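Note that the protein sequences, when read in sequence, are chains A and B. Going letter by letter, the first sequence gives residues 1 to 576 in my numbering. Going letter by letter, the second sequence gives residues 577 to 770 in my numbering. Cβ coordinates follow ideal geometry from the N, Cα and C atoms, glycine included. These figures come from a predicted structure and were not determined experimentally. Before any comments, here is the structure.
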Amino acid sequence: MPTNSHPGRRDFLKTAAAGAAGAMGVSALKFDKIFAQSTGGWVAGMQINPAIDNRRVICCHDTKMLTAIPANQTWAGQNANVDEKQVGANLDQMAMLLTNKTSAADAWSTIFRSSKPWGSTKVAMKTNGIGSNTTNRPRVAIYKKITDVLVDQLGVQPSNIILYDNCDNATTYYSPSLSLTDSTKIRAVISSRASALGGFKAVTLTNAQGISCAADLVDGNIDILVNVAACKSHNGTGGHFSYGSCTLCMKNHLGTFTDGTRAQYSDNLHVGNSGASPPPPPLALFEINKHSAVLGGNPVRQQICIVDALVSNGNSGPGGGWDNKTDRLVMGTFAPIVDYLAANKILLDTTIMSKSPIPALGVTNAAIILPMFLTQFGYAATDPQWIEYTPDNVPAITPGTGGTTATGGTTSAGGSSGRGGTSAAGGTPRTGATTGSGGVPGTGGSSTPGSGGTTASGGTTSAGGTTSASSSTSDGGSTTAGTTAMSSSAGGTGGAATTAASASGGSSGTGGASAGHGTTASAAGGSAKAAALEATHGGSSGGCSVAGADRRSTPWGAMLAVGAVVAGKLRRWTGG
Amino acid sequence: MNRTTLSTLCVAGLALAAVACSGGNSAGPTVLSPTEFGQKFKFADNELPGWTQAKADVDPAAFNVYTSTDDLVARIDGAADAYAGFRVAVFQDLMGPDPQTCNVVTMDFVTAAKATDKFTYQKDNGATTTIPGYDGTVATASTNLTGINVYAHFNALYFELQMSGYMDQSQNLDLNKATSAAAQFLAVLKTKSN
Numbered sequence: 001m002p003t004n005s006h007p008g009r010r011d012f013l014k015t016a017a018a019g020a021a022g023a024m025g026v027s028a029l030k031f032d033k034i035f036a037q038s039t040g041g042w043v044a045g046m047q048i049n050p051a052i053d054n055r056r057v058i059c060c061h062d063t064k065m066l067t068a069i070p071a072n073q074t075w076a077g078q079n080a081n082v083d084e085k086q087v088g089a090n091l092d093q094m095a096m097l098l099t100n101k102t103s104a105a106d107a108w109s110t111i112f113r114s115s116k117p118w119g120s121t122k123v124a125m126k127t128n129g130i131g132s133n134t135t136n137r138p139r140v141a142i143y144k145k146i147t148d149v150l151v152d153q154l155g156v157q158p159s160n161i162i163l164y165d166n167c168d169n170a171t172t173y174y175s176p177s178l179s180l181t182d183s184t185k186i187r188a189v190i191s192s193r194a195s196a197l198g199g200f201k202a203v204t205l206t207n208a209q210g211i212s213c214a215a216d217l218v219d220g221n222i223d224i225l226v227n228v229a230a231c232k233s234h235n236g237t238g239g240h241f242s243y244g245s246c247t248l249c250m251k252n253h254l255g256t257f258t259d260g261t262r263a264q265y266s267d268n269l270h271v272g273n274s275g276a277s278p279p280p281p282p283l284a285l286f287e288i289n290k291h292s293a294v295l296g297g298n299p300v301r302q303q304i305c306i307v308d309a310l311v312s313n314g315n316s317g318p319g320g321g322w323d324n325k326t327d328r329l330v331m332g333t334f335a336p337i338v339d340y341l342a343a344n345k346i347l348l349d350t351t352i353m354s355k356s357p358i359p360a361l362g363v364t365n366a367a368i369i370l371p372m373f374l375t376q377f378g379y380a381a382t383d384p385q386w387i388e389y390t391p392d393n394v395p396a397i398t399p400g401t402g403g404t405t406a407t408g409g410t411t412s413a414g415g416s417s418g419r420g421g422t423s424a425a426g427g428t429p430r431t432g433a434t435t436g437s438g439g440v441p442g443t444g445g446s447s448t449p450g451s452g453g454t455t456a457s458g459g460t461t462s463a464g465g466t467t468s469a470s471s472s473t474s475d476g477g478s479t480t481a482g483t484t485a486m487s488s489s490a491g492g493t494g495g496a497a498t499t500a501a502s503a504s505g506g507s508s509g510t511g512g513a514s515a516g517h518g519t520t521a522s523a524a525g526g527s528a529k530a531a532a533l534e535a536t537h538g539g540s541s542g543g544c545s546v547a548g549a550d551r552r553s554t555p556w557g558a559m560l561a562v563g564a565v566v567a568g569k570l571r572r573w574t575g576g
Numbered sequence: 577m578n579r580t581t582l583s584t585l586c587v588a589g590l591a592l593a594a595v596a597c598s599g600g601n602s603a604g605p606t607v608l609s610p611t612e613f614g615q616k617f618k619f620a621d622n623e624l625p626g627w628t629q630a631k632a633d634v635d636p637a638a639f640n641v642y643t644s645t646d647d648l649v650a651r652i653d654g655a656a657d658a659y660a661g662f663r664v665a666v667f668q669d670l671m672g673p674d675p676q677t678c679n680v681v682t683m684d685f686v687t688a689a690k691a692t693d694k695f696t697y698q699k700d701n702g703a704t705t706t707i708p709g710y711d712g713t714v715a716t717a718s719t720n721l722t723g724i725n726v727y728a729h730f731n732a733l734y735f736e737l738q739m740s741g742y743m744d745q746s747q748n749l750d751l752n753k754a755t756s757a758a759a760q761f762l763a764v765l766k767t768k769s770n
């Protein structure tokens, strides 16, 4: 059965990794966890989309998306002045920047993936039906654009696209804007709570009791989950701003998950803190956003996260009306980082939210909670990449460059790599990661052989392109091994990634690089000494993905490192 | 004991306390049922000239009465817990002269102290705009792009008005117009409170 994902690179990596694993006696199965595409929810270090860096978030700032300030806060008013075509064009551009593709069609095909034929692929789109006629909720134009892409480009059946809010009935405000046949509307089915998603099914959580979720998400019947959130502050349980002072894509899933016996509530998921200071971590919020209903599936179910910040709530809480015109859309693949950045770059920016900023307590408590959005998923404050632009100053997209940023996950040296695509496994997790400036832009897509092992050294690029017939040199003595530049490259053509760790022994080992698909390779860092180095792309539009093996999973990294050393020694021994 | 149980006990206890206090701090000498309370504070169409309740086809939630924090979550999400301790809450969405809107929230907190606490919380969170005719310890507002959010308390009752549609021709907030309208709403609510 043909599928619609882009498995080639991942399969290659899995194969390569499995080979390495086999050499060291490690079950290849376990590599599936490392290389993501989990079927069981969040796994540390997983990439939501192998071609898109989890950390990469695009923000379009365009004052023309709203032709005028909405006259009031009503739902009709929120939509009346939205320039649907401008929103659609911007979403295309954002998708291109997110994926580093030069055409919108390629970009959307990179973002949306399914293991099924498109004609039988099922899509759920989360919205926010809470509140009244004046509550800020995602605008119609965004869902329309997404469904246009799904239906017209990819061939998804409108009857297989479901707009839902399990908690607050989405039919209330969206029904007039939906049709299965009218292409001027959102071509989708609207679900009365979970009725079009198989009803509710109990789920067991550690941090909340008596919770249910839409059955079709729990059971994996939904292939793609689209998460669109309004941009709103949240004064938190008890008015203590306990969710990072915001309700964005992660909080939107209080409404995918609900109270088990009372579907119209998500009260059990709300954290009671009784005024505690500092506010406690919203653990249930994190747990549901790691759940297989959201991040399970292969490909991973939740494939795009959008924050509709055309207007935003500052002082007005989650059920209230918008109070600032913010003229922005935000797009990424990984909700925690999308939210972290949208909160910091929009909601907490008093120049943007000048008409009604978040109250002081909200600012204070956001500083406590928001970093948890990263740390709970293994990221650091230096990781998120915010790329904001205006339509008259769109960052250049250079296919083949910048596709890969070796997110440093590994340190490395030594290591093995194989011809044209053998990836070096290994390395130990790297921490830190200050962003380095990338090296020379890759010559994307060209046939210049990747220089494989010669690359590296922090930020130097491997000339991307095809066939990195590389190989690493593990200059003897290296005891740490193996870069994994498991890039997935967003751009360019050609060669599957090659990792080439070169280790010139010892501590100053220069990192390996990967040249994948014509991407600019990144240097994944060298030794611990160089660990902070993260080479971002050489070009302007950096790229996606990945990093070394599970950089947040020390045991795996260690095993891989050992394996890579063994592999290197075997190669030398055999003259390979 | 879970929060729902606590909330139920709390509401029940507060209701008993209200009865014991012979109505001195509540909405009237007799504690009104939630339905009665809702009808008392519901604005009839044109009770304020030009203002009518939003039609059900565009706003099914135009008029609701809530009696617990859990119920309120369905309306305002996790923010509901900020209102813990109310006995009855009435939410009504009104449409005024186009494009003006006003969502009126009336809550019986049973005691004046609790209503004052809630008001003080809002005032401390940046609501500092004066409403004509009202002392800043009784009513105040925060501003936004197209309107104002008003907070007030009379005895054991706490009020919020979320008002939008008050931009002038230059697309700036017409603060005088908004606060004047707010004063009219508060006058009606104060009368109803007595």
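In the DSSP assignment, A/N365 falls outside any beta strand (DSSP E) and lies within the alpha helix (DSSP H) extending over 360-375. By the criterion of a C-beta distance shorter than 7 Å, B/P708 is surrounded in its chain by T755, S756, A759, once the five residues flanking it on both sides are discounted. By the Cβ neighbour-count rule, B/N752 is exposed, with fewer than 16 other Cβ atoms within 10 Å of its own. A contact is defined here as three or more CB-CB pairs under 8 Å, and the region 203-214 of chain A fails this definition with respect to the region 333-340 of chain A. Of all residues in the region 76-106 of chain A, those with a C-beta nearer than 9 Å to a C-beta of chain B are A76, G77, reading in chain order. A/Q376 and A/K290 have their C-alpha atoms spaced approximately 10 Å apart. The beta-carbon separation of A/V149 and A/W118, rounded to 11 Å, does not stay under the 8 Å limit for a contact.
Contact fails between the region 253-260 of chain A and the region 136-153 of chain A, because fewer than three Cβ pairs, one in each stretch, are under 8 Å apart. With a beta-carbon spacing of about 6 Å, A/A188 and A/L178 fall inside the 8 Å limit used to define contacts. Our two residues, A/Q47 and A/K85, have alpha carbons roughly 31 Å apart in a direct line. In summary, the residues of the region 122-135 of chain A whose CB is separated from some CB of chain B by less than 8 Å are I130, G131, S132, N133, T134, in the order they occur in the chain.
When C-beta distances to chain B are compared with 8 Å, the residues of the region 40-73 of chain A below that value are A68, I69, P70, A71, N72, Q73, in chain order.
Residues V82, D83, Q86, V87, N90, L310, D327 of the same chain have their beta carbon placed closer than 7 Å to that of A/M65, with the five preceding and five following residues left out of the count.
For A/K185, no Cβ of chain B is located within less than 8 Å of the residue's own Cβ. According to the DSSP secondary-structure assignment, B/S718 is paired through a beta bridge with B/N725. B/I652 has a beta carbon lying within less than 8 Å of a beta carbon in chain A.
Cβ contact annotation for A/N221 (same chain, cutoff 7 Å, sequence separation greater than five): K122, G198, in chain order. Pairing A/P138 with A/A230 gives a Cβ-Cβ distance under 8 Å.
Residue pairing by DSSP places B/Q629 opposite B/L670 in a beta bridge. Beta-bridge partners of A/L329 (DSSP): A/C60, A/D308. In this structure, the beta-carbon distance from A/C59 to A/W386 falls below 8 Å.
Unbroken beta strand (DSSP E) runs of no fewer than 3 residues, entirely contained in the region 162-219 of chain A, are found at 200-203, 211-214, following chain order. It is roughly 10 Å from the alpha-carbon of B/T767 to the alpha-carbon of B/F730. When the alpha-carbon of B/V641 is set against those of B/V607, B/V681, B/T677, B/F685, the nearest one is in B/V681. In the structure shown, B/D711 falls within a coil segment according to DSSP collapsed to helix, strand and coil.
Pairing A/N298 with A/S120, the inter-Cα distance amounts to about 15 Å. Here A/A366 is buried. Its C-beta has 16 or more other C-beta atoms within 10 Å. Spanning the alpha carbons of A/V394 and A/V203 requires a straight line of approximately 44 Å. Residues of the region 694-706 of chain B whose Cβ lies closer than 7 Å to any Cβ of chain A, in chain order: Y697, N701, G702. Secondary-structure assignment with DSSP links B/Q738 through a beta bridge to B/N679, B/N725. Under the 8 Å criterion on CB atoms, A/Y174 is classed as non-interfacial with respect to chain B. Beta-bridge pairing by DSSP links B/N640 to B/F667.
Partner residues in the beta bridge of A/D259, as assigned by DSSP, are A/I211. Between the alpha carbons of B/F639 and B/G661 lies a distance of about 21 Å.
For B/Q629, no Cβ of chain A is located within less than 8 Å of the residue's own Cβ.
Exposure of B/T611 is indicated by the presence of fewer than 16 other C-beta atoms within 10 angstroms of its C-beta.
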